[in-house]
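Residue numbers (my numbering): 141 to 351.
Positions of the beta carbon are idealized from the N, C-alpha and C atoms, including for glycine.
This report refers to the structure that appears directly beneath it.
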């Protein structure tokens, strides 16, 4: 019995091995035109930047990206309220990238859903893959962090700068390193500090306690 051939867009969206054929590249062209506008816009025109980000990401509330920014589709990225990405972030969104509310990406963060086979014969076949990445609410990803395909990062978590996240990270964790590992839990005691052992001044602390 002859098997029905699966088109590459369907293969990609099912997290199967797929080839970036003309139909796939046509979808990427739409994103590249928007990125061209974003990355060469007047960076002091915050309203225009916000409008372009809205066009790129679709459903989003108060999302902002400091260009330059790079992704493959944009439409595969779903962000919650108050998303912020700093300069030179890349999200290779072959598969869905889902990010919760109040999340911040420091400069040079890279989120990769895409990959290629390990064996050179398989890799040279042009087949590649995309596996989704999920990030919870209230997550801060430190600068120069790389997040690999299939990773889930829990809510209220901080990933230290320079990390390579290869495995899932649970909620309320401070994690860092290559490979990224949990260093400790984030606790209520951490609330009064703004950096290491530096405590908030009285005025700032009063505002924080109102939240």
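Where residue 246 is concerned, there is no enclosing beta strand (DSSP E), because DSSP gives it neither an H nor an E.
Burial of residue 205 is indicated by the presence of at least 16 other C-beta atoms within 10 angstroms of its C-beta. A residue is called buried once 16 or more other Cβ atoms fall within 10 Å of its Cβ, and residue 279 is buried on that count. Residue environment for residue 261: exposed (fewer than 16 other C-beta atoms within 10 angstroms of its C-beta). Listed in chain order, the non-local C-beta contacts of residue 315 below 8 Å within the same chain comprise 297, 298, 299, 300, 303, 305, 309, 321, 322 and 323, local neighbours out to five positions each way being set aside. Sorting 287, 148 and 154 by C-alpha distance to the C-alpha of residue 165 places 148 at the top.
Taking C-beta atoms under 8 Å as the contact rule, residue 192 and residue 211 fail to qualify, at a distance of about 13 Å.
For residue 150, the enclosing alpha helix (DSSP H) stretches over residues 148–153. Close CB contacts of residue 215 within its chain, under the 7 Å cut and outside five residues either way in sequence, are with 198 (chain order). A residue is called buried once 16 or more other Cβ atoms fall within 10 Å of its Cβ, and residue 338, having fewer, is exposed. Given a length threshold of 4 residues, each whole run of the alpha helix (DSSP H) inside the region 155–179 is given here in chain order: 162–179. About 22 Å separates the CB atoms of residue 248 and residue 220; that is not less than 8 Å, and the two are not in contact. Under the three-state reduction of DSSP output, residue 195 falls in the helix class. C-alpha of residue 273 to C-alpha of residue 243: approximately 14 Å in a straight line. Note on residue 333: under 16 other CB atoms within 10 angstroms of its CB, so exposed under the neighbour-count rule.
Under DSSP, the beta-bridge partners assigned to residue 292 are 274. Here DSSP, grouped into helix, strand and coil, assigns residue 298 to strand.
Listed in chain order, the non-local C-beta contacts of residue 196 below 6 Å within the same chain comprise 174 and 214, local neighbours out to five positions each way being set aside.
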